[in-house]
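Undergrad: Next up is a structure, given as C-alpha cells.
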Amino acid sequence: MRELDDFLKIKPLFAPYIEQIREILSGNFSFLREDLRDFIRECLKSEKNYLEEQQIERKERYFLRYLSKQTSA
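Numbered according to numbering that gives the first Met the number 0, the sequence shown terminates at residue 72, and the numbering increases by one at each position without gaps.
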C-alpha cells in the first residue's frame with residue numbers, strides 16, 4: 000500500500016479515514032450504503048481520462064463528508 004501512503008502525503012485530509020480506504024481498496028464495501036457502494040464501484044471501473052479534476056475533487060469532498068458522518072454517528 001505504498002501508493003496509499005504516497006497519496007496521503009499529497010492529500011492529508013484523507014488520513015483520518017485510512018482504515019475505510021484500506022477496506023475499499025481491498026474490495027470490501029460492506030460498511031457503506033448501497034448507493035455509495037455502487038458509486039465507488041463505477042468510479043473504480045471507469046477510465047480516469049474521462050474524469051476531469053473538478054469531478055474528482057467533488058467526489059472526494061462527497062466521500063469525505065460521508066465518511067465523517069459515518070464515523071461521528
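Just so it is clear, CB atoms sit at the ideal spot from N, CA and C, and this is done for glycine as well.
Taking residue 28 as part of the alpha helix (DSSP H), name the residues at either end of that continuous run.
TA: Along the sequence shown, one-based indexing puts residue 28 at 29. First-last for residue 28: undefined, no H or E at that position.
Undergrad: Checking 8 angstroms against the spacing of the C-beta atoms, do residue 35 and residue 65 come in under that value?
TA: Within the sequence shown, residue 35 is the residue found at index 36, counting from 1. Within the sequence shown, residue 65 is the residue found at index 66, counting from 1. Yes, Cβ-Cβ distance for residue 35 and residue 65 is below 8 angstroms.
Undergrad: Roughly how many angstroms lie between the CA atoms of residue 22 and residue 56, to the nearest whole one?
TA: Locating residue 22 in the sequence shown gives position 23, counting from the first residue. Locating residue 56 in the sequence shown gives position 57, counting from the first residue. Going by C-alpha positions, residue 22 is about 21 angstroms away from residue 56.
Undergrad: Any idea if residue 3 is buried or exposed, counting beta-carbon neighbours within 10 angstroms, 16 or more meaning buried?
TA: Counting from one through the sequence shown, the residue named residue 3 turns up at place 4. Its Cβ having fewer than 16 others within 10 Å, residue 3 is exposed.
Undergrad: Out of 12, 32, 11, which one is the CA nearest neighbour of residue 69?
TA: Start at 1 with the first residue of the sequence shown, and residue 69 comes out as number 70. If we check each option's Cα against that of residue 69, 32 comes out closest.
Undergrad: Starting from residue 8, trace the alpha helix (DSSP H) both ways and give me its first and last residue.
TA: Taking the sequence shown and counting its residues from 1, one reaches residue 8 at position 9. Segment 1-9, the alpha helix (DSSP H) holding residue 8.
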